[in-house]
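Participant: I'd like to ask you about the structure that follows.
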Amino acid sequence: MLAATSGALATPAPQPVTWADWVGDWDGKLKWANCSLDGEDSASFPLEALDGTVSLDLTPAAKQFPQLSLVEDGEGWAGQQNDVSVHVKRGKADKSGDKLELAIDLDSGCSVRGTLTRASVGIAACDRLAAWARIETHCTKLSRPPLENTARLARQKAEWRKARGDDRTKLSAQCTARSTKVEQELVDAGCAPHPDPAIGMHGAECQALRGIAGRLNRCGNLPSDQRDAYAREVLVLLAAAQGADKASLPVVDGECKRERDKLFAIAQQVGCPP
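In this text, residue positions in the sequence shown follow my numbering: the first is 5, and each later residue adds one.
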């Protein structure tokens, strides 16, 4: 329960787009127009999240192209370096996997377009787990070993692809649970954005309460019944913060501060890391 209070996603419908829906290797054919440089007819582009920043390597299309840092641009991403600019946005997924619409433009008038596909194991939740694990491997801010083992994940992909019926449902639930833990860890470390874009409106002390709740949840020194009891307290406060108006938010934030101070003291008493 504490995991749900410390930055983990709830189970909304529809599933919100996160960095795990962007990160990966995107493959496809390319259409070149008004270009004098030598370029590839098809390429595989790695889109990565590195310590809280997102980048796209364009060199697989042409060696003259750079690797670009990306910034959010509406519902997609954009980047520019010297005379090269790029825009990417999500396309409509199909049975072959997720889609990405790529647009590269040069000041010279050269343009490159492509509809790219990220391979899927056939279970969306497990695709997201694989992407979060990839982000985790590039997070140097972690104070503990990664939660996911990439070699183990590589072996599991064959199992995911073969799954049918009830097995797929079970695997989807398992991948969702594992993804939630990894995403939460990355949010806490500053290697991924908080899943709630309006979190800044919910009170600074309540934000801090999420953080200490997450650390306490991952500390094995605290008995599970105590963790559950504190989780219920935190859930009530965070729910109140979510629904608070401007007048009542300072009151709720004060309660969050008192709860945070209490949990911090408990963490110190039982020897949990700060």
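Backbone N, C-alpha and C define an ideal beta-carbon position, used for all residues, glycine too. It should be emphasised that the depicted structure is a prediction, and the values quoted were computed from it without experimental measurement.
Along the chain, which unbroken stretches of the beta strand (DSSP E) at least 3 residues long are found entirely within the segment 41 to 108?
Facilitator: Runs found: 46 to 54, 57 to 61, 71 to 77, 80 to 85 and 88 to 94.
Participant: Taking the beta strand (DSSP E) that residue 29 belongs to, which residues open and close that run?
Facilitator: Note, residue 29: beta strand (DSSP E), 28 to 37.
Participant: Residue 265 to residue 133, Cα distance in whole Å?
Facilitator: Distance between the alpha carbons of residue 265 and residue 133 is about 33 Å.
Participant: Is the segment 103 to 116 touching the segment 28 to 40 in the sense that three or more CB pairs, one from each, lie closer than 8 Å?
Facilitator: Touching, yes, given that three or more Cβ pairs across the two stretches are closer than 8 Å.
Participant: State the DSSP-derived secondary structure class of residue 21, mapped to helix, strand or coil.
Facilitator: If DSSP states are grouped into helix, strand and coil, residue 21 belongs with coil.
Participant: Would residue 148 and residue 28 qualify as a contact pair, given that the criterion is a beta-carbon distance under 8 Å?
Facilitator: No; because the gap between Cβ atoms is not below 8 Å, this pair is not in contact.
Participant: Return the CA-CA distance between residue 80 and residue 127, expressed in angstroms with no decimal places.
Facilitator: Each residue's alpha carbon lies about 23 Å from the other.
Participant: What are the boundary residues of the alpha helix (DSSP H) that residue 183 is part of?
Facilitator: First-last of the alpha helix (DSSP H) with residue 183: 170 to 193.
Participant: Pull up the distance between the alpha-carbon of residue 75 and that of residue 254, whole angstroms please.
Facilitator: Looking at the two C-alpha atoms, the distance is approximately 33 Å.
Participant: Among the candidates 103, 209 and 53, whose CA atom is the shortest distance from the CA of residue 142?
Facilitator: For residue 142, the nearest C-alpha among the options comes from 53.
Participant: From the DSSP output, in three-state form, read off residue 146 for me.
Facilitator: DSSP places residue 146 in coil when its eight states are reduced to three.
Participant: Residue 63 to residue 71, Cα distance in whole Å?
Facilitator: Between residue 63 and residue 71, the C-alpha separation is close to 7 Å.
Participant: Quick check: residue 90 and residue 107, are their CB atoms within less than 8 Å of each other?
Facilitator: Going by C-beta atoms, residue 90 is nearer than 8 Å to residue 107.
Participant: Taking the beta carbon of residue 263 as the centre, do at least 16 other beta carbons fall within 10 Å, making it buried, or is it exposed?
Facilitator: Classification for residue 263: buried.
Participant: Determine the direct distance from the alpha carbon of residue 33 to that of residue 43, and round the result to whole angstroms.
Facilitator: Roughly 11 Å separates the two Cα atoms.
Participant: Measuring straight from C-alpha to C-alpha, what distance separates residue 58 and residue 88?
Facilitator: Looking at the two C-alpha atoms, the distance is approximately 17 Å.
Participant: Under 7 Å Cβ to Cβ from residue 267, same chain only, skipping five residues before and after it: list those, please.
Facilitator: Closer than 7 Å at Cβ, skipping near neighbours: 216, 217, 220 and 234.
Participant: Using DSSP's beta-bridge definition, name the partner residues of residue 122.
Facilitator: Answer is 102, bridged to residue 122.
Participant: Specify, as a first and last residue, the run of the alpha helix (DSSP H) that residue 275 falls within.
Facilitator: Residue 275 -> no alpha helix (DSSP H), and no H or E assigned at all.
Participant: Going by alpha carbons, who is nearest to residue 145 out of 119, 165, 194 and 250?
Facilitator: With distances taken between Cα atoms, residue 145 lies closest to 194.
Participant: Just curious, the alpha helix (DSSP H) that residue 130 is in, first and last residue?
Facilitator: Note, residue 130: alpha helix (DSSP H), 128 to 141.
Participant: Any idea if residue 21 is buried or exposed, counting beta-carbon neighbours within 10 angstroms, 16 or more meaning buried?
Facilitator: Looking at its Cβ environment, which holds fewer than 16 other Cβ atoms inside 10 Å, residue 21 is exposed.
Participant: Under three-state DSSP, which class holds residue 213?
Facilitator: Three-state result, residue 213: helix.
Participant: Roughly how many angstroms separate the alpha carbons of residue 154 and residue 138, rounded to a whole number?
Facilitator: Distance between the alpha carbons of residue 154 and residue 138: 8 Å.
Participant: For residue 292 versus residue 130, is the C-beta spacing smaller than 8 Å?
Facilitator: No statement about residue 292 is possible, as the shown extent of the chain runs from 5 to 278 and does not include it.
Participant: Which residues mark the beginning and the end of the alpha helix (DSSP H) in which residue 152 is found?
Facilitator: Neither: residue 152 is in no alpha helix (DSSP H) and is coded neither H nor E.
Participant: Would you decide whether residue 183 is buried or exposed? Buried here means 16 or more other CB atoms lie within 10 Å of its CB.
Facilitator: Under this definition residue 183 is a buried residue.
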